[in-house]
Each structure stands twice: as structure tokens, then as C-alpha cells.
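Only one structure is covered here, and it is reproduced in the block below.
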Amino acid sequence: MTSSSETVVAPQSGRAVPVPRGSLVQVVDLEGHQVGDMWAIDRADPSRWLSTAHTRDRTERLFPKTGTAFTDQVGAPILRLVADTSPGMHDMLYPPCNSPLYESAGLFDHPNCHDNFLTAVSEAGLTLPVVPDPVNLFQNSNPGPDGSLDVGVAASEAGDSITFEALRDLWFVLTSCSVDNWPTNDHRCTPLAIRVTAPGA
Ligand SMILES: [Zn+2]
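Residue numbers (UniProt numbering): 1 to 201.
Right, dumping it as C-alpha cells:
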């Protein structure tokens, strides 16, 4: 027996969802070409979270692929990528977009994933000492042969999704990226959905 729920993450916002261990968590790009910044935080010990740096170290990869186990800061698995219908580009190098980034482009008081993460975890009753770097789902920023980085339009189409297995009881946090001044989200910010299928009691 299972139970399932859906949370829509509105454009330029974020949500934190409690996810029981063993659940499948599917992130759906509802309208296409929309990046989602993803975090996973251990509910039993919120000082442990998905670390992109430690995941790169343990997996010896720049980017995840199906089967990848993301780890926390001590290399313990916390989340596993189990299915992906998108073209498979998911960044693990960039921080969340934040106010100084937009201000450097002359945009003040612009929505951003950094602040939307803080709002979402605050609503969940969490206080973290830092904003961890997220996994940037669907972000099209593979490095060039010379090591250069450029963010292109997300290649995901409407209905594409990526699915994870929760390896612990988690807070699963997702922001619909706020970038509308660069091709990242095809110049329009759209919603994402989080669909959680939890193992039943
Ligand atoms: Zn963003």
C-alpha cells in the first residue's frame, strides 16, 4: 500500500516537503525548459544534507546519472537518482541564484533561489548555518572542452521528469529557478511539480 501527494512549486518560489525514507520523489517540468534547484536535508539531523562537492568526490563525476547516489558531507548516501526522462543535464557546479547576482545585472529586489530556499526551510521550521549548493535539475551548463562554462536553455520539454529514492527521512526542497534575464529557463519562469509516492504503513 502506498500514498502519494503532489506539490506545485509556483514560478520564482520554493517549497520544502517532508519525505519518508523509501519514498519515490518525482520532479516534473510542467511546461518545459525550467530549472529547479534541489536540496535534500536529513530530518533526523538537519546538519546533514546533500553535498554536491562530496557527491562529485565519491562518484568521481561532474554530473549525476541514473543510479547515482548523492551523499552528505561525510560521504553517506542520502538520495538516489532512479529515473530520468529528460535529456539528462543536471548541474552540480553552480550555487543557487542570489540577490548579488541579479544586482550585478542591474536588477534589484529580484526573486532568487537563495532567498526562496531560506523561506521554504523557515516555513518547515529549519534553521541552517549555510545555504548548501543545490543540484540544479535540468540546468544546461555542461563545460566546454576548454573548461569554460555557459548556461544555455534547459533542454527538458513539458512533462519531462526526474525521479529519486529517499534513502532517509528527508526534507526535500525545490525552487523553480527565478532567472528571467538569461536563456537558462528560456526567458520565462514556469512551475514545477513534486510528486511523492511514499511506502504505506
Ligand atoms: Zn535560480
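We put the CB at the ideal spot given by N, CA and C, even for glycine.
All of these numbers come straight from a predicted model, not from anything done at the bench.
Let me check understanding here. Comparing Cα to Cα, which of the options lies closest to residue i?
i: residue 138; options: 187, 161, 18, 43; result: 161
i: residue 194; options: 128, 13, 17, 33; result: 17
i: residue 89; options: 140, 102, 171, 97; result: 140
i: residue 152; options: 118, 133, 158, 187; result: 187
i: residue 74; options: 53, 163, 101; result: 53
i: residue 166; options: 183, 158, 196; result: 196
i: residue 127; options: 171, 30, 159; result: 171
i: residue 104; options: 181, 10, 11, 189; result: 181
Give every residue of the same chain whose Cβ lies closer than 7 Å to the Cβ of residue i, excluding the five residues on either side of it in the sequence, and list them in chain order.
i: residue 185; result: 33, 34, 35, 154, 177, 179
i: residue 59; result: 68
i: residue 3; result: 198, 200
i: residue 142; result: 89
Under a Cβ-count criterion, where at least 16 other Cβ atoms within 10 Å of its own Cβ denotes burial, should residue i be classed as buried or exposed?
i: residue 25; result: buried
i: residue 91; result: buried
i: residue 121; result: buried
i: residue 64; result: buried
i: residue 144; result: exposed
i: residue 174; result: buried
For residue i, which residues of its own chain have a beta-carbon under 8 Å away from its beta-carbon, when the five flanking residues on both sides are left out?
i: residue 168; result: 21, 42, 43, 44, 78
i: residue 183; result: 151, 152, 153
i: residue 56; result: 62, 92
Can you give me the Cβ contacts of residue i inside the same chain, cut-off strictly under 6 Å, excluding the 5 residues immediately before and after it?
i: residue 84; result: 66, 162
i: residue 110; result: 102
i: residue 6; result: 193, 195
At least 3 beta-carbon pairs within less than 8 Å: the segment 77-90 vs the segment 41-56: yes
contact_flag[the segment 37-45, the segment 128-138] where n(CB pairs < 8 Å) is 3 or more: Three or more beta-carbon pairs separated by less than 8 Å link the segment 37-45 to the segment 128-138, which places the two stretches in contact.
Neighbouring residues (CB closer than 7 Å to any heavy atom of ligand 1): 35, 37, 96, 97, 112, 113, 175, 177, 178, 179
Three or more C-beta pairs below 8 Å linking the segment 96-104 and the segment 112-120: yes
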